[in-house]
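**Q**
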Amino acid sequence: MPPHLRLALLALVGTAPALVHAQDTAPAQDLPLAALLGCHFAYAQQHYRSTASATEIAVAAASHCDPALQAAGLDTYRRALEAGLPSDGAEASRQAMIEELRGMLPGFTLDKVIQFRTAADSPASGDPAQAHE
62 MPPHLRLALL ALVGTAPALV HAQDTAPAQD LPLAALLGCH FAYAQQHYRS TASATEIAVA
122 AASHCDPALQ AAGLDTYRRA LEAGLPSDGA EASRQAMIEE LRGMLPGFTL DKVIQFRTAA
182 DSPASGDPAQ AHE
């Protein structure tokens, strides 16, 4: 994954839900990535109370959010073509980005599930998932 995409992913990790809800303020080239992170965040938010393990939730989120991953990949392909890469290079960029995100996103989802569960177990907390909306 190109370094600028990695930095964008890291920057979006903490703000994905806000970016998904405020798309008009996000740069157009980041919307597919924001939507992908928002999908994983929302899945963790919806399922952290289930009896499934955090790992099972992360695996299910990856499957559930695959269309958003594919859309982010197509956006990478489009931007690579616009930057002047030949179609082979653009396809290689798309595939590399998808594989790197497939490796990173389960950890992101796992972390969110654990955060929500930890906050829910805290006696002073309300609904931790609602606090992130």
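In this note's numbering, each residue's number is its place in the sequence shown (first place is 1) plus 61. Note that CB positions come from ideal geometry on N, CA and C, so glycine has one too.
Is LEU166 close to chain D? Criterion is C-beta to C-beta, closer than 8 Å.
**A** In the structure shown, chain D cannot be found, because there is only a single protein chain.
**Q** Which residues in the same chain as PRO167 place their Cβ atom closer than 7 Å to its Cβ, once the five residues preceding and following it in sequence are excluded?
**A** Taking the first residue of the sequence shown as position 1, residue 167 is located at position 106. Closer than 7 Å at the Cβ level, and outside the excluded window around PRO167, lie ALA119, VAL120 and ALA123.
**Q** Just the Cα atoms here: how many angstroms apart are ALA115 and ALA132?
**A** One-based indexing of the sequence shown puts residue 115 at position 54. One-based indexing of the sequence shown puts residue 132 at position 71. Taking the straight line joining both Cα atoms gives about 25 Å.
**Q** So ALA141 is in the alpha helix (DSSP H); what residue range does that whole segment cover?
**A** On the sequence shown, position 80 is the one that residue 141 refers to. Where ALA141 is concerned, the enclosing alpha helix (DSSP H) stretches over 127-143.
**Q** Kindly give me the distance between the Cβ atoms of ARG155 and THR137, rounded to whole angstroms, as I take these residues to be in contact under 8 Å.
**A** Within the sequence shown, numbered from 1, the residue matching residue 155 stands at position 94. Within the sequence shown, numbered from 1, the residue matching residue 137 stands at position 76. Contact flag correct, Cβ pair sits at about 5 Å.
**Q** With DSSP collapsed to three states, give me the class of ARG110.
**A** Numbered from 1 along the sequence shown, position 49 holds the residue referred to as residue 110. Correct three-state label for ARG110: coil.
**Q** How is PRO93 classed by DSSP in three states: helix, strand or coil?
**A** For the purposes of this step, residue 93 is taken as the residue at position 32 of the sequence shown. Helix.
**Q** Look up LEU166 in the DSSP assignment and say whether it is helix, strand or coil.
**A** Position 105 of the sequence shown, counting from 1, holds the residue named residue 166. Reduced to three states, the DSSP call for LEU166 is helix.
**Q** Between VAL174 and TYR109, what straight-line distance do the alpha-carbon atoms span, to the nearest angstrom?
**A** What you label residue 174 is simply residue 113 of the sequence shown in a count that begins at 1. What you label residue 109 is simply residue 48 of the sequence shown in a count that begins at 1. If you take the alpha carbons of VAL174 and TYR109, they lie about 5 Å apart.
**Q** Based on Cα-Cα distance, which residue from ALA113, ALA141 and ALA103 lies nearest to ALA129?
**A** Residue mapping note: residue 129 aligns to position 68 of the sequence shown, counting from 1. Looking at the Cα atoms, ALA103 is the closest of the given residues.
**Q** Does DSSP put SER183 in a helix, a strand or coil?
**A** Residue 183 sits at position 122 when you count from the first residue of the sequence shown. In the structure shown, SER183 sits in coil (DSSP, three-state: anything other than H, G, I, E or B).
**Q** Check whether the Cβ atoms of ALA113 and THR170 lie closer than 8 Å to each other.
**A** As a first step, residue 113 must be located in the sequence shown, where it is residue number 52. As a first step, residue 170 must be located in the sequence shown, where it is residue number 109. Their beta carbons are not under 8 Å apart, which means ALA113 does not touch THR170 by this criterion.
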